[in-house]
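First comes the structure, then the notes that go with it.
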Amino acid sequence: MLDILYKRRSVRRFTTQEVEEEKIDRILEAGLLAPSSKSKYPCEFIVCDQSELNLKLSESKPGGASFLKYAPISIVITGDEEKSDVWIEDTSIAAAYMLLQAEKEDLGATWVQIRGREHNDNSSAEEYIQDLLGIPKNQKILAIIGIGHKDGVKEGRDESFLKREKIHRNHF
Numbered sequence: 001m002l003d004i005l006y007k008r009r010s011v012r013r014f015t016t017q018e019v020e021e022e023k024i025d026r027i028l029e030a031g032l033l034a035p036s037s038k039s040k041y042p043c044e045f046i047v048c049d050q051s052e053l054n055l056k057l058s059e060s061k062p063g064g065a066s067f068l069k070y071a072p073i074s075i076v077i078t079g080d081e082e083k084s085d086v087w088i089e090d091t092s093i094a095a096a097y098m099l100l101q102a103e104k105e106d107l108g109a110t111w112v113q114i115r116g117r118e119h120n121d122n123s124s125a126e127e128y129i130q131d132l133l134g135i136p137k138n139q140k141i142l143a144i145i146g147i148g149h150k151d152g153v154k155e156g157r158d159e160s161f162l163k164r165e166k167i168h169r170n171h172f
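Here full-length UniProt numbering is used: the sequence shown runs in plain steps of one and ends on residue 172.
In structure tokens form, the structure reads like this:
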């Protein structure tokens, strides 16, 4: 597992190569396998594989989502706030599992934060995406993960990246 953690980097540049369906399925399976508080499993995943839809998702918030227009696959991750009061935590764990599985599949992926972000002066990024994809209001949007074959190679990390001074035992 540590080898994947050291190797994984955020990737925002993708080739035009189509992502194999079985790889997408395994990424989604990883999200479904994520632990959930009290086994409530509030997560839902919307797979967007149409270029015109990914272009619209890239406009969901200024700046940080723009690379989605080049992503062959975008996965919108939502959590049912009526089902679980810890939907943020549960969906975050699912998203992290999916990012790690994407790396295991040798795909590039990056998380786009949606919760708490603005689309424009009149609406939030979440409202924009809910309208775009027909997502019910009880389904709160945490993030979008853009996925594709990596265009180029980013160096992984090594142990020198670790800030071991952040580890404390028995007290701060």
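Cβ atoms here follow ideal geometry from the backbone N, Cα and C, with glycine treated the same way.
Straight-line gap, residue i to residue j (C-alpha atoms, nearest Å)
{"i": "leucine 99", "j": "histidine 171", "result": "32 Å"}
{"i": "leucine 32", "j": "serine 39", "result": "12 Å"}
{"i": "glutamate 44", "j": "leucine 142", "result": "10 Å"}
{"i": "leucine 55", "j": "glutamine 139", "result": "22 Å"}
{"i": "serine 160", "j": "lysine 137", "result": "44 Å"}
{"i": "arginine 12", "j": "lysine 69", "result": "10 Å"}
{"i": "histidine 168", "j": "leucine 5", "result": "21 Å"}
{"i": "aspartate 106", "j": "glutamate 165", "result": "31 Å"}
{"i": "aspartate 85", "j": "serine 92", "result": "13 Å"}
{"i": "glycine 108", "j": "valine 153", "result": "10 Å"}
Burial state of residue i, where buried means 16 or more other Cβ atoms lie within 10 Å
{"i": "glutamine 17", "result": "exposed"}
{"i": "arginine 117", "result": "buried"}
{"i": "isoleucine 73", "result": "buried"}
{"i": "proline 35", "result": "exposed"}
Beta-bridge pairing of residue i - partner residues as DSSP gives them
{"i": "threonine 78", "result": "Glu44 and Ile141"}
{"i": "residue 173", "result": "This structure leaves residue 173 out entirely; the chain is present only between 1 and 172."}
{"i": "alanine 94", "result": "In the DSSP output, where bridge partners are listed per residue, alanine 94 has none listed."}
{"i": "glutamate 118", "result": "Ser124"}
{"i": "glutamine 113", "result": "Ala143"}
Residue i versus the options, residue with shortest Cα-Cα distance
{"i": "valine 76", "options": "Ala95, Lys83 and Tyr70", "result": "Ala95"}
{"i": "isoleucine 88", "options": "Gly152, Gln113 and Leu133", "result": "Gln113"}
{"i": "glycine 79", "options": "Val19, Glu52 and Arg115", "result": "Arg115"}
heavy atom of the ligand SAM below 7 Å from residue i C-beta
{"i": "tyrosine 41", "result": "Among the ligands in the structure shown, none appear at all, so the ligand SAM cannot be discussed."}
If we count Cβ pairs, one from each stretch, closer than 8 Å, do we get three or more for the stretch 17-31 versus the stretch 111-130?
no
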